[in-house]
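Have a look at the structure below, then the notes.
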Amino acid sequence: MNNNNNNQIENQNQNQNQNQNQNQNQNANQIEMKNLEKKVTKNLIKDYSNLLKGNSFKDFSIFVENKSNTFEIKAHKSILSSRSPFFNEFLKGKNHLNSISLKQFNKKEMESILSYIYYGNISFENQENLLQLLEISIYFKLNLLKEIIQKKIPNSINYSNFFQFFFQNRNLNSNEIEIKCFELINQNFSQIQNNENLFNLTKEEIIKFIQFKKKKKKFFNLIFFNF
Numbered sequence: 001m002n003n004n005n006n007n008q009i010e011n012q013n014q015n016q017n018q019n020q021n022q023n024q025n026q027n028a029n030q031i032e033m034k035n036l037e038k039k040v041t042k043n044l045i046k047d048y049s050n051l052l053k054g055n056s057f058k059d060f061s062i063f064v065e066n067k068s069n070t071f072e073i074k075a076h077k078s079i080l081s082s083r084s085p086f087f088n089e090f091l092k093g094k095n096h097l098n099s100i101s102l103k104q105f106n107k108k109e110m111e112s113i114l115s116y117i118y119y120g121n122i123s124f125e126n127q128e129n130l131l132q133l134l135e136i137s138i139y140f141k142l143n144l145l146k147e148i149i150q151k152k153i154p155n156s157i158n159y160s161n162f163f164q165f166f167f168q169n170r171n172l173n174s175n176e177i178e179i180k181c182f183e184l185i186n187q188n189f190s191q192i193q194n195n196e197n198l199f200n201l202t203k204e205e206i207i208k209f210i211q212f213k214k215k216k217k218k219f220f221n222l223i224f225f226n227f
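The sequence shown lines up with residues 1 to 227 when you count with my numbering.
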């Protein structure tokens, strides 16, 4: 009887060890696969970065302006049309088209957008240019980039720049940006009540701000009285 029990215990231990080894092997394989996937992604980014920087097989020219000088930036039709709905619509069925003039954008802005189009990378170092990048992402119909920038902008708005963001947002009509700016105007109203920028608000914007204040006050009273 004791021998049978010992055999059962030994078999159970062996099974447990086998299961542990299998789990360890599976975990090791999963880690290895994740590392390989990262390596593939890294190599893909590097390859497309080199493709953008080099001159091989480029068949399309983008003309932009920078301080009254016109610059030509070379690119690949296939990549532009596959990554940007704007370029896809522009180039569709027009094999004879080899260039486009986008002089409303400067060289640096266009290079930033092309970096995103080619390999999904864009620099957000200059926070003041976020609204310009947002405008460009909307123009080229890059919806994911637009979403990323819209999430970043509210965290970049502060006391020193909220009027700048507010006025630039007139063309974009972003609700998130407007609310963030209204919050800062509301919080700092005593300090900015004589600021000339405040007098540049339109009648509609003033009405919106008053409505915003009323909502905030109503919400505060609701919370306060519930406690």
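Quick reminder that beta carbons are idealized off the backbone N, C-alpha and C, glycines included.
Self-check item: Alpha carbon of F162 to alpha carbon of E196, nearest angstrom
Solution: One-based indexing of the sequence shown puts residue 162 at position 162. One-based indexing of the sequence shown puts residue 196 at position 196. So the two alpha carbons sit approximately 14 Å from each other.
Quiz item: What three-state label does DSSP hand K92 in the structure shown?
Solution: Within the sequence shown, the letter at position 92 stands for residue 92. K92 falls in the coil class under three-state DSSP.
Quiz item: Is S49 near Y119, with beta carbons less than 8 Å apart?
Solution: Along the sequence shown, one-based indexing puts residue 49 at 49. Along the sequence shown, one-based indexing puts residue 119 at 119. Taking 8 Å as the Cβ cut-off, S49 and Y119 qualify as a contacting pair.
Practice problem: Tell me whether Q20 is buried or exposed, calling it buried when 16 or more other Cβ atoms sit within 10 Å of its Cβ. | Solution: As a first step, residue 20 must be located in the sequence shown, where it is residue number 20. So Q20 counts as exposed.
Self-check item: Alpha carbon of K39 to alpha carbon of L52, nearest angstrom
Solution: Reading the sequence shown from its first residue, position 39 is the one you call residue 39. Reading the sequence shown from its first residue, position 52 is the one you call residue 52. Answer to the nearest angstrom: the Cα atoms are 20 Å apart.
Quiz item: What are the complete alpha helix (DSSP H) segments, minimum 4 residues, inside the stretch 144-206?
Solution: 162-172, 175-187, 189-192
Practice problem: Determine which residues share a DSSP beta bridge with F228 and list them. | Solution: Nothing can be reported for residue 228: it is not among the residues displayed for the chain, which extend from 1 to 227.
Practice problem: Could you tell me whether the Cβ atoms of Q148 and L130 are closer together than 8 Å? | Solution: Counting from 1 along the sequence shown, the entry for residue 148 is found at position 148. Counting from 1 along the sequence shown, the entry for residue 130 is found at position 130. The question names Gln, yet the displayed sequence has Ile at residue 148. No, these two residues do not count as a Cβ contact at 8 Å.
Exercise. Decide if the stretch 136-156 is in contact with the stretch 175-187; the criterion is three or more beta carbon pairs, one per stretch, under 8 Å apart.
Key: yes
Self-check item: Cutoff 8 Å; reference L44; Cβ partners in own chain excluding five residues on either side
Solution: Here the question's residue 44 lines up with position 44 in the sequence shown. So the qualifying residues of the chain are Y119.
Practice problem: Output the distance between the C-alpha atoms of N175 and S137, rounded to the nearest integer angstrom. | Solution: In the sequence shown, the residue the question calls residue 175 occupies position 175. In the sequence shown, the residue the question calls residue 137 occupies position 137. In a straight line, the C-alpha of N175 is about 17 Å away from that of S137.
Exercise. Could you tell me whether the Cβ atoms of S112 and F63 are closer together than 8 Å?
Key: As a working note, residue 112 is residue 112 in the sequence shown. As a working note, residue 63 is residue 63 in the sequence shown. Going by C-beta atoms, S112 is not nearer than 8 Å to F63.
Quiz item: Between which two residues does the alpha helix (DSSP H) containing S123 stretch?
Solution: The residue given as residue 123 occupies position 123 in the sequence shown. Counting along the chain, S123 falls outside any alpha helix (DSSP H), and DSSP gives it neither H nor E.
Quiz prompt | Nearest residue (CA-CA) to I73, options L114, E125, L133, K141 | solution = If you number the sequence shown from 1, residue 73 lands on position 73. Nearest C-alpha to I73: L114.
Practice problem: In the DSSP assignment, find the unbroken alpha helix (DSSP H) run with L232 in it and report its ends. | Solution: Nothing about residue 232 can be read from this structure; the chain reaches only from 1 to 227.
Practice problem: Whole angstroms is fine: what's the gap from Q26's alpha carbon to A75's? | Solution: Along the sequence shown, read from residue 1 onward, the residue named residue 26 stands at position 26. Along the sequence shown, read from residue 1 onward, the residue named residue 75 stands at position 75. Whole-angstrom Cα-Cα distance: 43 Å.
Practice problem: Using beta-carbon positions only, say whether I117 and L80 come within less than 8 Å of one another. | Solution: Position 117 of the sequence shown, counting from 1, holds the residue named residue 117. Position 80 of the sequence shown, counting from 1, holds the residue named residue 80. It is a contact, given that the beta carbons lie within the stated cut-off.
Quiz item: K77 lies in the alpha helix (DSSP H); which residues open and close that run?
Solution: Counting from 1 along the sequence shown, the entry for residue 77 is found at position 77. Per DSSP, K77 belongs to the alpha helix (DSSP H) from 77-83.
Quiz item: Can you tell me the Cα-Cα spacing of K141 and F86, whole angstroms?
Solution: Mapped onto the sequence shown, residue 141 falls at position 141. Mapped onto the sequence shown, residue 86 falls at position 86. Using only the alpha carbons, I get a separation of about 6 Å.
Practice problem: Sort H96, N23, I31 by Cα distance to D59 and report the nearest one. | Solution: As a position in the sequence shown, residue 59 is number 59, starting the count at 1. Of H96, N23, I31, the residue nearest in Cα terms is H96.
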